[in-house]
Amino acid sequence: MTAWPAIWLTLKLATVTTVILMVIALPLGWWLATTKAKARPLVEAVTALPLVLPPTVLGFYLLVLMRPDAPLGAFWVTVTGETLAFSFSGLVLASVVYSLPFAVQPMQTAFMAVPTSTLDAARTLGAGARDAFFSVSLPLARRGFITAAVLSFAHTVGEFGVVLMVGGTARARRNHGAVVA
């Protein structure tokens, strides 16, 4: 028996997860770095939650949310006709949740390191908020973006507990039948 299918699946999962995380982490990291909203500490705490939850516990909670009779699972079945638990889509969702802090925190730190004086200078020279973001902030935060991508990919490749719970095997599906049925 060859290990190539498992390696291919792992690399595919890590790549898809990393791309999704970069799309989520870029605006979320920027918002967390620049906002003064009262909800910021709550969003930071929720974002960091996967760091403190054991992977199997997080996987179990996600498995419960993916049940066909749970709101998330029912929505997914309505849209796709398939269950979310024990599917590649379920693995991607679980991996995105599990690796979220590894994408958001480096981005947030990188954006916080962009000097406000540099952004003020760009605005003084006529750059709008969008231009200042794409021409000044994003290039200065590229190391954070690269770090977030590398950490997200590596963390997804190395995750086991969440994948075991959400991806499972035929035996796991039978044993978790009470959870997902």
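This note's numbering numbers the first residue of the sequence shown as 47 and each following residue consecutively.
We put the CB at the ideal spot given by N, CA and C, even for glycine.
Can you list, in chain order, the residues of its chain with a C-beta nearer than 6 Å to that of residue i? Leave out the 5 residues immediately preceding and following it.
i, result
"residue 105", "207, 208, 211, 212"
"residue 49", "none"
"residue 222", "Confidence at residue 222 is low in this model, with a pLDDT of 49, below 50, so the placement of that residue is unreliable and no value is reported for it."
Roughly how far, in whole angstroms, is the beta-carbon of residue i from the beta-carbon of residue j, given that I think they are within contact range, below 8 Å?
i, j, result
"residue 79", "residue 154", "5 Å"
"residue 156", "residue 187", "4 Å"
"residue 178", "residue 165", "5 Å"
"residue 114", "residue 123", "5 Å"
"residue 138", "residue 67", "With 8 Å as the limit, residue 138 and residue 67 do not qualify as a contact, their Cβ atoms being about 10 Å apart."
Between the options, which lies nearest to residue i when the distance is taken from Cα to Cα?
i, options, result
"residue 148", "174, 117, 111, 194", "194"
"residue 145", "81, 48, 97", "97"
"residue 158", "176, 76, 91, 170", "76"
"residue 73", "56, 184, 174", "184"
"residue 161", "172, 51, 182", "182"
For residue i, collect the residues of the same chain with a Cβ closer than 8 Å to its Cβ; drop the 5 residues on either side in sequence, then sort them by chain order.
i, result
"residue 88", "none"
"residue 118", "111, 112, 130"
So, at 7 Å on beta carbons, what are the nonlocal neighbours of residue i in its own chain, with the 5 sequence-adjacent residues on each side left out?
i, result
"residue 169", "178"
"residue 216", "With a pLDDT of only 49 at residue 216, under the threshold of 50, the placement of this residue in the model should not be trusted, and no figure is reported."
Answer yes if the stretch 202-211 comes into contact with the stretch 92-105, meaning at least three C-beta pairs across the two stretches below 8 Å, and no otherwise. yes
So, do the stretch 59-69 and the stretch 128-141 have three or more beta carbon pairs nearer to each other than 8 Å? yes
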